[in-house]
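To start, the structure under review is shown below, and the notes come after it.
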Amino acid sequence: MIAWTIYITFAGAVALLFLPRVLSRWVALATAAGGFAVSLAAFFNAVDVGTFKTIVRVPWVPILGMEYHLAVDGISLTLALVTSLTAVSAVLFSWDVEHRQNEFFFWLLLVVGGSYGVFLSADLFLLFVFYELVIVPKYFLIAIWGSTNKEYGAMKLTLYSFFGGALVFIGIIAAYVTAGSLNLHDLAEFPFTPQFQSWAFPVLFIGFAVLAGIWPLHTWAPTGHVAAPTAGSMLLAGIIMKLGSYGGLRVAMNLFPQGFQMWSGYIAVFAVIGILYAAAVALRQRDLKFVIGYSSVSHMGFVLLGLATANVLGVSGAVLQMFSHGVIAALLFAVAGRMIYRRTHTRDLDALSSMNLSRALPFAAFSFVIASAASMGIPGFSGFAAEITILIGAWKIYPIAVWITGAGMVLVAAFTLRALKRTFFDAVENVKSVTSVTSLDWETFEPITLAEKLGAGLLMFATLAVGLYPKLLLDRIVPAVEAMRFLTK
Amino acid sequence: MSYLELLKLAGPEATVAVTALAVLAVGLIRWGETPSNRRSSAFCSAVAGLGLAAAVGAVVMLPQSATLFGGMLVITPLTSLFKIICLALAFFTVVLARTDLSSRNRGEYLALVLLATIGLMLLVGSEELLMIFIGLELTGLSLYVMTAFDKTDIRSAEAGLKYFLFGSTASAFTLFGLSLIYGMSGTTGLAVIAQKLSAQPISPLLFAGIVMTLVGFAFKIAAAPFHLWAPDAYQGAPVPSAAFIASGSKVASFVVLGKIVLVGFGPDKGSAAWHAMISGWAPVLAVLAALSILIGNLVALAQSNVRRLLAYSAVAHAGYTLLGLIAGGREGFSATLFYTTVYAFTLVGAFGVVALVRRETGGDDLIDFAGLRARSPLLAGCMSIFMLSLAGLPPLAGFFGKFYLFIAALRAGENHGLLWLVALALLGSLVSLYYYLIVLKVIFVDEPAQHETSLPRRNVGEGGDFLQRVSLSALGAIVIFLGVIPGPLVARIIASLP
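First to last, the protein sequences are chains X and D.
Using the working numbering, the first residue of the first sequence is number 43, and each one after it goes up by one.
Using the working numbering, the first residue of the second sequence is number -19, and each one after it goes up by one.
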């Protein structure tokens, strides 16, 4: 059933090219909502989430053993769910896009459809096709509808993705040529020699990790996020970074467990550096979107740390963090890009701090507080549930990393609070800037629209629901993680 | 062997030859007193198109397999398939030439296209050195004239001369190489050469013969460092000529190059594997491929003219395509054939778009493509399909072609010995994505520049005539189809290889 997410999304995308303009946003919304309904239903009706169960299997290029082969387990379900959530809210937050609307939603839906495809593929070639399919739509979304240095950001992002893709490509064909199969299940059973794994694993993993924003290959993320239109940033942070971490987990780690054991320590080191470095950099940013962009890198560092633990807790936490970060980052970017930037036309923290936005846009302030709290890892939100799981998992194997990361979480809290305060709560006592407040005349800001409220509400609900009841996701994730081969007992 | 039977087996070539003569004759007819010979041109195109269609029919009617005169004319499923592909490419070229304003004397031009097509068919359908050389020359001479055909444009003349000088030098090398091979083996049939060569070790003289033969083909496929003619020819020649040079000529050259090295020189392959190079033709081709990928992609970065950009990217693609031959074997050869076929269709399409944009704006620099999306969504859409396929992105045919090539290359060398070439090719693809995206960026993102030229901007909002638009859409559809469902063609090629 969940395969329909892919078909619905691509059908919607193609339909958009031929339908009149007035319908486009409704078609896009219907498509995204259709995907959401399907993935939600699949998520709750799932039985036997522990095995990567085939749902569609059709020969594709029989001579080379390629198959159109989709399968699903708890991890795929979780990620498909966050994809559809982000997609719906991204469409809602793009309600005001007027410029070349059809095209915009066409590219947007291609990204979403390709991502569903990656999460559901059980054939390595198919997975890679979907993975690469996402690259070009991103470029156009940013280069046409973006802001701030958009052509540079778009090209950088695209070339980084393609570079990662090239590494993945090498890893995939090496695995295929050695094992003679493209089926993920067969490949996972194949006894690759340790010597082979020792080079194939890092090639494949780094290739995927580029998209997950691993330090020091993360630099595409902040510039890309900043340049992208609101929906683009939401998709980038919410979905695309997950493609990388998912690929690392499903393909690299699962296929080459011995290679993974050889390299997991290094991954943990890079992850911790990423968490600290990005948080420190975020502390010094003036552009609100840069703050959020670096916070994404920092949060994705947690995902990588979780993966590097190689135990059930850590890896489950990583998957939970993928979900959680998807929702939170999407919400943060939505507030920063749509609610604030579209109205104030600035993202400069100094300029924003003089606008008294908490009075002007109370709903935006409310959403941002929730998102910040979730991002900082306040208990009750999904971020806390995910990060605590990862840290407990990591404690068993990298206690020093946990100490360092714990210190890093203070940094995360610091930059989040700084951004929150500067954006919304600075001007109240700041008498000096009264003149600029009046000149900006914030009372003429258009009120928050229903679409924005719906989109933000959806994401806030998701982070709260998972934060209060993480078992909802963990029940699906843990059995699937337990079935992985690379776990250290 | 009766002549009637020969005529039957050479039916496709004969059909095209007759058509060429007919087109030449039709082109001479003056219709009424009007100075404009538009009607005669249209009639010429129609005759040429019909003749090509008839030739396809003749190919289909050929027997499954036959060999004449010790391999001078060979008919196998492979040759039939590639004759059809060459004919299809010629057909698209004829369609492109329909409205190309620069080609006056349409009859002569189309006759040259058809003659070149005969050369291609001979190349594809022969396993004998002499016949191959005749095919090369027939194609080459026709293409030289086609390149210089635009008498109003000095660049066309320059391109023609340059192409001719380089080409004839390369032919001389090839001929010299072939004569050395003949001297060593005493025969000109590829299969017999292979038997003779396998009996003797590789001698310096033989190696010289092999290298010289390869030089001529490296020129044909525009592999670095023998590519210097390509940018000028691609940019200066009339667009249909450039399209045909880039597509038909390239496909046939790869088919025959594959036959020569894999069948004829098979025993002297050597190895291009890292740390395990063995003297033979494979390392020579590997060097050519590596140079082509590097030079083609890096120089393409600096181009501001779309045709020149396509020329340098053609150099790079020649490098990728060689990977399959270096890998060797059935799989390698079929990967090369698949890739070159896909590439040819893509490039004819890209040149088709260039031709229509050129007609509209009077130029083919990048800047002339600015805002194409608004002027003609169809052309913009087709161009993005072609460019992204060249860059190797799914779900387009170029992606599958590369995947197949790299698999073949990696599988061939012992212990992933060809990984260095694959990695280089992937790096090249990464670079190439940049300049292909720049083309698309200009089309989709930039606003059209305000031309100060007095040239009246002909508002061909949906550029080109109906037939051209249909064939461009068809080419786009082919590229998508071969990307989504590559199975049938791959199976077909593999089954037709011995």
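In this text, a Cβ means the ideal position worked out from N, Cα and C, and glycines have one as well.
What is the DSSP secondary structure of H387/X, reduced to helix, strand or coil? When secondary structure is reduced to three states using DSSP, H387/X falls in the coil class, being assigned neither helix nor strand.
How many angstroms separate the CA atom of A376/X from the CA atom of I370/X? The alpha-carbon atoms of A376/X and I370/X are separated by roughly 10 Å.
Tell me the DSSP bridge mates of K95/X? Paired residues: V114/X.
Per-residue contacts from Y414/D into chain X (C-beta, under 8 Å): Against chain X, a Cβ distance below 8 Å from Y414/D picks out M197 and L201.
Note down, in chain order, every chain X residue with its Cβ under 9 Å from the Cβ of G467/D. Per Cβ cutoff of 9 Å: P101, W102, V103, P104, I105, L106 and M108.
State the Cα-Cα distance for the pair G222/X and S148/D, rounded to the nearest angstrom. Approximately 46 Å, taken between the alpha carbons.
Using DSSP with H/G/I as helix, E/B as strand and the rest coil, what is T480/X? Note that T480/X scores 48 on pLDDT, short of 50, meaning its location in the model is unreliable and no value can be drawn from it.
Decide if the region 357 to 370 of chain D is in contact with the region 411 to 431 of chain D; the criterion is three or more beta carbon pairs, one per stretch, under 8 Å apart. Yes: at least three Cβ pairs fall under 8 Å.
Can you list, in chain order, the residues of its chain with a C-beta nearer than 6 Å to that of I304/D? Leave out the 5 residues immediately preceding and following it. Before going on, a small fix: residue 304/D reads as Gly here, not Ile. Sequence-distant Cβ neighbours of G304/D in its own chain, meaning closer than 6 Å and more than five residues away, are G312, A315, T316, L385 and A388.
Where the region 240 to 268 of chain D meets chain X: residues whose CB sits under 7 Å from a CB there: Answer in chain order: no residues at all.
Which one of Q175/D, A232/D and H396/D has the shortest CA to CA distance from C66/D? Considering only alpha carbons, the answer is A232/D.
For the region 74 to 92 of chain X against the region 120 to 137 of chain X, are there 3 or more C-beta pairs whose distance is under 8 Å? With contact defined as three or more Cβ pairs closer than 8 Å, the region 74 to 92 of chain X and the region 120 to 137 of chain X are in contact.
Tell me whether Q425/D sits in a helix, a strand or coil according to DSSP, three-state version. This sequence places Val at residue 425/D; Gln is not what is there. Coil.
Output yes or no for whether 9 Å exceeds the beta carbon distance between L145/D and G329/D. When the beta-carbon positions are compared, L145/D and G329/D stay at least 9 Å from each other.
Taking the alpha-carbon positions, what's the L462/D to L376/D distance? Computed Cα separation, rounded: 7 Å.
To the nearest whole angstrom, what separates the beta carbons of M108/X and L224/X, a pair I think is in contact under 8 Å? Contact flag correct, Cβ pair sits at about 6 Å.
In this structure, does DSSP put I48/X in helix, strand or coil? Of the three classes helix, strand and coil, the one that applies to I48/X here is helix, per DSSP.
Would you call the region 322 to 337 of chain X in contact with the region 420 to 427 of chain X, where contact means no fewer than 3 C-beta pairs closer than 8 Å? Short answer: they don't touch.
T47/D - DSSP class collapsed to helix/strand/coil: In this structure, T47/D counts as strand in the three-state DSSP scheme.
Along the chain, where does the beta strand (DSSP E) that runs through L53/D open and close? Taken as a continuous stretch (DSSP letters only), the beta strand (DSSP E) holding L53/D covers L53 to I55.
Can you give me the C-alpha to C-alpha distance between M52/D and L(-14)/D, rounded to a whole angstrom? Taking the straight line joining both Cα atoms gives about 12 Å.
My assumption, with CB atoms under 8 Å, is that W261/D sits in contact with G276/D. Please give the rounded CB distance. Going by Cβ atoms, the distance from W261/D to G276/D rounds to 21 Å, so no, they are not a contact pair.
Chain D contact for A45/X (CB, 9 Å cutoff): No, A45/X lies away from the interface with chain D (no Cβ there is under 9 Å from its Cβ).
Same chain, Cβ closer than 7 Å to T220/X, neighbours up to 5 away in sequence not counted: Residues of the same chain with a CB within less than 7 Å of the CB of T220/X, apart from the 5 flanking positions on each side, are F234 and F238 in chain order.
Are the C-beta of K176/D and some C-beta of chain X separated by less than 9 Å? Taking Cβ atoms only, chain X never reaches closer than 9 Å to K176/D, which makes this a no.
L71/X versus G140/D: straight-line alpha-carbon distance, rounded: For L71/X and G140/D, the distance between alpha carbons rounds to 56 Å.
Could you name the residues of chain X that S293/D contacts, counting a contact when the two beta carbons are closer than 9 Å? Identification of chain X residues near S293/D by a Cβ-Cβ cut-off of 9 Å yields none; the smallest Cβ-Cβ distance measures about 16 Å.
Which residues does DSSP list as the beta-bridge partners of D345/D? Beta-bridge pairing links D345/D to N285/D.
Residue of G316/X, A55/X, L199/X and V454/X minimising C-alpha distance to A416/X: Here the closest residue by C-alpha is V454/X.
My output table needs one value for P184/D: the three-state DSSP class, helix, strand or coil. Three-state DSSP puts P184/D in a helix.
Please classify G419/X: does DSSP put it in a helix, a strand, or coil? If DSSP states are grouped into helix, strand and coil, G419/X belongs with coil.
If you follow the alpha helix (DSSP H) that V160/X is in, where does it begin and where does it stop? Q143 to L162 is the span of the alpha helix (DSSP H), which, as asked, contains V160/X.
Work out the CA separation of H267/X and E193/X for me, nearest whole Å. Looking at the two C-alpha atoms, the distance is approximately 12 Å.
Touch test, the region 512 to 529 of chain X against the region 399 to 413 of chain X, Cβ-Cβ under 8 Å, three pairs minimum: Touching, no, given that fewer than three Cβ pairs across the two stretches are closer than 8 Å.
Contact check, A372/X vs G286/X, beta carbons under 9 Å: Pairing A372/X with G286/X gives a Cβ-Cβ distance that is not under 9 Å.
Contacts of T218/X in chain D (Cβ-Cβ under 7 Å): According to the sequence as given, residue 218/X is Tyr; it is not Thr. Under a criterion of Cβ atoms nearer than 7 Å, the residues of chain D adjacent to Y218/X are, in order, I387.
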